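Colleague: Would you mind keeping the following structure in view while I ask a few things?
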Ligand SMILES: C[S@@+](CC[C@H](N)C(=O)[O-])C[C@H]1O[C@@H](n2cnc3c(N)ncnc32)[C@H](O)[C@@H]1O
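Numbering (the working numbering), first residue to last: 5 to 268.
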């Protein structure tokens, strides 16, 4: 496909893909790319970083025992190295947010404490810890734990002084006129959301639609530094926001492009 004019110029590196609807993808290591981007340009960031849980365990998928391994990118190098990584990309994201911008970071017990601590060290202002209840989780095969059925999504403003966007009324309207709580019942992505191929940790559209609507407005710029199949990008473009996604994997960027072009 032919790339159109660069909708949202960011750095010297040529984008892997860009489209005038405001959908731009970069291929490479986020730590390097984030560091070379101009400061204070994003209204919102959604980050779904490696959870570092691919350590040869097993889980259950469609009734079958399968490996939990997602790929090399998800292997832990130990808690210290994981924390140093989280601290570094969160620092870059804080630099890239506009003064009133916010960031959302999803994670499980494997990384979420490190993310929260890094945010506190960097003086982000933590606004909510959303409990995403997966409703239909796979059973726990070992029967040695409660069935894992939640992920945490931390929502934070760039700092204490940020006059951040929260579309309170929109959230209330989406919750049948009642104040929306921080417990979100959302199913894992269904088959229809994976018709162009599979990403091992793809997020549901419903989760990203809600996040985009809650904390950004039309015309805002959204960054996703670990974009995978670009669920955030689809939600952003559908709602009239500009999107910049970064992933090191061409396979996942190609999947992102297929999903995006299906929207057009
Ligand atoms: C948890 S997945 C994101 C899934 C995505 N939210 C979705 O809905 O498809 C994390 C992604 O980060 C990418 N990744 C991991 N480490 C990276 C790095 N240092 N730089 C760029 N991408 C990275 C992986 O290739 C993977 O696709």
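Every residue gets a Cβ at the ideal spot worked out from N, C-alpha and C, and that includes glycine. Computed from a prediction, not measured in an experiment: that's the story for all the values here.
1) Using only the alpha-carbon positions, how far apart do residue 88 and residue 115 sit?
2) So, does the CB of residue 133 fall closer than 8 angstroms to a CB anywhere in chain C?
3) Ends of the alpha helix (DSSP H) at residue 255?
4) Given a cut-off of 8 angstroms, decide if residue 234 and residue 47 are closer than it, judged by their beta-carbon atoms.
5) May I have a chain-ordered list of the beta strand (DSSP E) segments no shorter than 3 residues that lie completely inside the stretch 102 to 158?
6) Quick check: the stretch 163 to 170 against the stretch 238 to 254, are at least 3 beta-carbon pairs closer than 8 angstroms?
7) Note down the Cα distance separating residue 109 from residue 100, rounded to an integer number of angstroms.
8) Classify residue 213 as buried or exposed, calling it buried when 16 or more other Cβ atoms lie within 10 Å of its own Cβ.
9) Does ligand 1 have even one heavy atom less than 7 angstroms from the beta-carbon of residue 142?
10) What residues sit near ligand 1, counting only those whose C-beta is closer than 5 angstroms to one of its heavy atoms, in chain order?
11) Report the three-state DSSP secondary structure of residue 27 (helix, strand or coil).
12) Taking DSSP as the reference, what is the three-state secondary structure of residue 7?
13) For the candidate residues 71, 131, 55, whose alpha-carbon lies nearest to that of residue 230?
14) If distances are taken between C-alpha atoms only, which option among 206, 28, 187 comes closest to residue 195?
15) At the level of alpha carbons, what is the spacing between residue 130 and residue 97?
16) Below 8 angstroms, can you find three or more Cβ-Cβ pairs linking the stretch 141 to 151 to the stretch 58 to 70?
Modeller: On the basis of the coordinates in this document:
1) 12 angstroms
2) Of the protein chains in the structure, only one exists, and it is not chain C.
3) 254 to 267
4) no
5) 129 to 137
6) no
7) 15 angstroms
8) Residue 213 sits buried, since 16 or more C-beta atoms from the chains shown fall within 10 Å of its C-beta.
9) Distances from the CB of residue 142 to the heavy atoms of ligand 1 are all 7 angstroms or more.
10) 33, 34, 52, 54, 77, 203, 205, 206, 207, 230, 232, 233, 235, 251, 252, 253, 256
11) When DSSP states are grouped into helix, strand and coil, residue 27 belongs to the strand group.
12) With a pLDDT of 42 at residue 7, under the threshold of 50, the modelled position of this residue cannot be trusted; read the value that follows with caution. DSSP places residue 7 in coil when its eight states are reduced to three.
13) Per the Cα distances, 55.
14) 206
15) 15 angstroms
16) The answer is yes - the stretch 58 to 70 touches the stretch 141 to 151, with three or more Cβ pairs under 8 angstroms.
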